[in-house]
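Residue 246, in my numbering, is where the sequence shown stops; the numbers in between run on with no holes. Backbone N, C-alpha and C fix where the C-beta goes; we use that ideal spot for every residue, glycine too.
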Amino acid sequence: MAPLVAFIIGAGKNIGDHTAAALKGKGYKIALGSRNPDFEQVKKDGYFPVAVDAANTESVKAAFATVNKELGPPNAVVFNAAARILPPVSEDPLTLSFEDFKQQTDIGVNVYVAAQEAVKGFRSDIHKDTPLKTFIVTGNPLPWVHADLPGPQLVGITVEKDIQWRLMEILSGAYSKEARFYFVSLVGKAGGVVDSIPDFFTSGPQHSQVYSDLITREDRLGFEYRFTLDGKKFTK
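This is the structure we're talking about:
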């Protein structure tokens, strides 16, 4: 049996750490990717540290090459990186500099690069008989809520998530016989933005529960998966 390997891009103390622990408990070798990893501490925790800038295409490619060499190609990838930079004048979104806007959209676009690298690994001889191949993007409700609700100050991350949401929809259909692609979002009780924004920043346990289930379950769900703070799938 091929080794089970998960690569988490954007591995912070909230979602990244909790998801790593959950998957480690399932027998996965874990690569944790962040811009400035504490290499010694990550190794002490039992994971493989990887330096990666999710806004930089070559950095994403190099990170996958490192993981492939040291652990083997991942059969599970979690793209958890995001950037949220606000314009100086909240009601005037074009006061956001182009550089800051581009940094956010580059992270959105680099999901495409990460997916390219992931599929190469999914198709490798190592994983030719591995049934569970999964690519997850940490999403949010911005692609489907009305722009007036979160406000124009979120122009950058809204476009970032729009790109990722659409990519997961397309790739989920195109590669339905090879892998599973998910855009996973914590939502509020009504299915939109979480009722209390600070709750997102302590939702690592709930995210890890959902991600672990999506990665290890044998069936396939629709590309868009919404869940609430109790960890349960949102149903309209």
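Best match in the options for proximity to residue i [C-alpha to C-alpha]
i	options	result
Y235	A61, T148, F132	T148
G118	G22, V169, F17	V169
D172	T29, K246, S222, N150	N150
R227	W154, P141, L239, D205	P141
S218	G20, L33, P13, N120	L33
F211	G22, A12, F17	G22
P215	D229, G201, D240, F233	D240
N24	S44, S182, T67, K36	S44
V220	P13, G26, L14, A12	G26
L42	K36, V52, G35	V52
G56	K112, S206, Y38, V87	Y38
S182	D110, D135, D139, F233	F233
A30	Y185, A86, P13	A86
L106	F17, I167, A184	I167
V83	A16, K54, K112, D110	One detail in the question is off: residue 83 reads as Pro in this sequence, not Val. Nearest option by C-alpha distance: A16.
P13	M178, N66, E109, D139	D139
K112	V155, I95, Q126	I95
T67	Q126, N46, G35	Q126
Cβ-based burial, residue i [other Cβ within 10 Å; buried from 16]
i	result
Q114	buried
P97	buried
P208	exposed
K130	exposed
I180	exposed
L104	exposed
F74	buried
S186	exposed
Bridge partner(s) assigned by DSSP for residue i
i	result
K243	F237
T148	V194
S107	DSSP output for S107 lists no bridge partner at all.
A16	I40, A86
Nonlocal neighbours in the same chain, by C-beta distance under 8 Å from residue i, ignoring five residues either side
i	result
L224	T144, I146, R190, Y192, V194, L231, Y235
S100	G161, P162, Q163
V197	P151, V203, V204, R236, F237, T238, F244
A72	V62
D48	P59
E188	V129, F132, R133, K143
Close beta carbons around residue i, own chain, < 7 Å, minus the five adjacent residues each side
i	result
N78	G131
E80	F58
A64	I19, G20, V70, A91, I117, N120
Cβ-based neighbour list, residue i, same chain, cut-off 6 Å, excluding 5 preceding and 5 following
i	result
V165	P103
P153	K171, D172, W175
A124	V70, F89
I213	The sequence given here has Ser at residue 213, not Ile. L196.
3 or more residues per run - each beta strand (DSSP E) lying fully within the segment 24-97: 39-44, 58-61, 86-89
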